[in-house]
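Residue numbers (numbering that gives the first Met the number 0), protein chains in the order written: chain A, 0 to 142; chain B, 0 to 142.
Cβ atoms here follow ideal geometry from the backbone N, Cα and C, with glycine treated the same way.
2 protein chains.
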Amino acid sequence: MSSSDLRKAGLKATLPRMRILQLLEENSQRHMSAEDVYRALLEAGEEVGIATIYRVLTQFESAGLITRHNFDGGHAVYEIDQGDHHDHMVCTRCGKVTEFFDETIEKRQHAIASQYGYDMTDHSLYIFGICPDCQKAQAERRR
Amino acid sequence: MSSSDLRKAGLKATLPRMRILQLLEENSQRHMSAEDVYRALLEAGEEVGIATIYRVLTQFESAGLITRHNFDGGHAVYEIDQGDHHDHMVCTRCGKVTEFFDETIEKRQHAIASQYGYDMTDHSLYIFGICPDCQKAQAERRR
DNA sequence: ATGTATGCAAAACATTTGCACCTGG
DNA sequence: CCAGGTGCAAATGTTTTGCATACAT
């Protein structure tokens, strides 16, 4: 149950917070912008202000419950943090996001940071490309 | 000379464009936001509108003359593309940017993309951390 | 000349903030 | 009850756009 997760993070278990956390947990899309969350809640008939969404998402991020990504400059997207670190591959056609993890890359990143004397706190790796589905669609259009 | 570079890219060699390109070529900082460019030109006594800066930077990016980065969500920064691909390490304290290149990581990225059937068009890797200088400063403050 | 580029100001977004009211513990 | 949370609307910061004027070729 999410209300205990919230209290564990030192946050009061309010209605908006529970709704937002629940949404991020259940959503199959997995990567949602503040606007996405807002619209999803509206459609579900929930009354939440957009300001609250931003505030809550920021708090969740600080609490380590979710992770923020800046795939493009336009807007941030958030995803539930389920303990497993992974990187992202983003389809530039349809926006689909695929997650992956590569031990070799992780190791090299740490090695490079320490080589330059950096105290590494975080890293982000995005591979941009065209996903198999969009390649197929493109091939058919060409026929 | 930059005017020929511009024409090669299919862009008229106008004064603002030459100034902006020159600035990006010469600037030691190497990673500038639109606002940075704007202020630098004002200080140099040049009359350029901020809208032109944005338009020109976007055109330069499309033309492949410069590369755009979204280190954080706030604002984009641009750097001259001198043919050598590299990734970035960003100090979260002072904002300093260190460039690096790692063959192993590059290879793994391609391997992963093709493993998932993606046609990779681009990728971005940022390592965030605290640079040696800021670590030192922090240690002194603690004394 | 003439199509393109620029400057200005207004618009468009994404996100943040001040403040009065409401709510969870 | 009361500290903290929320909603609203206004403010912010960045980037984009409409339009009349200026410029490169």
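Thinking C-alpha only, which one of the options is nearest residue i?
| i | options | result |
| --- | --- | --- |
| residue 121 of chain A | B:90, B:99, B:55, B:102 | B:90 |
| residue 69 of chain B | B:19, B:135, B:45, B:125 | B:125 |
| residue 92 of chain A | A:33, A:19, A:134 | A:134 |
| residue 87 of chain B | A:25, A:65, A:111 | A:111 |
| residue 64 of chain B | B:8, B:140, B:51, B:107 | B:8 |
| residue 55 of chain B | B:142, B:131, B:32 | B:32 |
| residue 66 of chain A | A:104, A:40, A:23, A:73 | A:23 |
With the cut-off set at 8 Å, would you say residue i and residue j are in Cβ contact?
| i | j | result |
| --- | --- | --- |
| residue 117 of chain A | residue 94 of chain B | no |
| residue 21 of chain A | residue 1 of chain A | yes |
| residue 10 of chain A | residue 81 of chain A | no |
| residue 18 of chain A | residue 60 of chain A | no |
| residue 36 of chain B | residue 15 of chain B | no |
| residue 74 of chain A | residue 34 of chain A | yes |
| residue 104 of chain A | residue 107 of chain B | yes |
| residue 109 of chain A | residue 98 of chain A | no |
Is it buried or exposed, residue i, if we count other Cβ atoms within 10 angstroms and call 16 or more buried?
| i | result |
| --- | --- |
| residue 137 of chain A | exposed |
| residue 83 of chain B | exposed |
| residue 100 of chain B | exposed |
| residue 27 of chain A | exposed |
| residue 40 of chain A | buried |
Which same chain residues, not among the five before or five after residue i, have their C-beta less than 6 Å away from its C-beta?
| i | result |
| --- | --- |
| residue 30 of chain A | 76, 78, 96 |
| residue 119 of chain B | 112 |
On the DSSP letters alone, give me the boundaries of the alpha helix (DSSP H) that residue i sits inside.
| i | result |
| --- | --- |
| residue 125 of chain A | Segment 118-129 is the beta strand (DSSP E) holding residue 125 of chain A; no alpha helix (DSSP H) there. |
| residue 97 of chain A | Taken as a continuous stretch (DSSP letters only), residue 97 of chain A belongs to no alpha helix (DSSP H), being part of the beta strand (DSSP E) at 96-99. |
How far does the beta strand (DSSP E) with residue i in it reach, from first residue to last?
| i | result |
| --- | --- |
| residue 86 of chain A | 86-90 |
| residue 77 of chain A | 76-79 |
Consider the C-beta atom of residue i and the heavy atoms of the ligand HEM; say whether any pair is separated by less than 7 Å.
| i | result |
| --- | --- |
| residue 16 of chain B | Only the bare structure without any ligand can be found here, which leaves the ligand HEM out of the picture. |
Near residue i, which residues of its chain fall below 7 Å by C-beta distance, leaving aside the five closest residues on each side in sequence?
| i | result |
| --- | --- |
| residue 12 of chain A | 2, 5, 6 |
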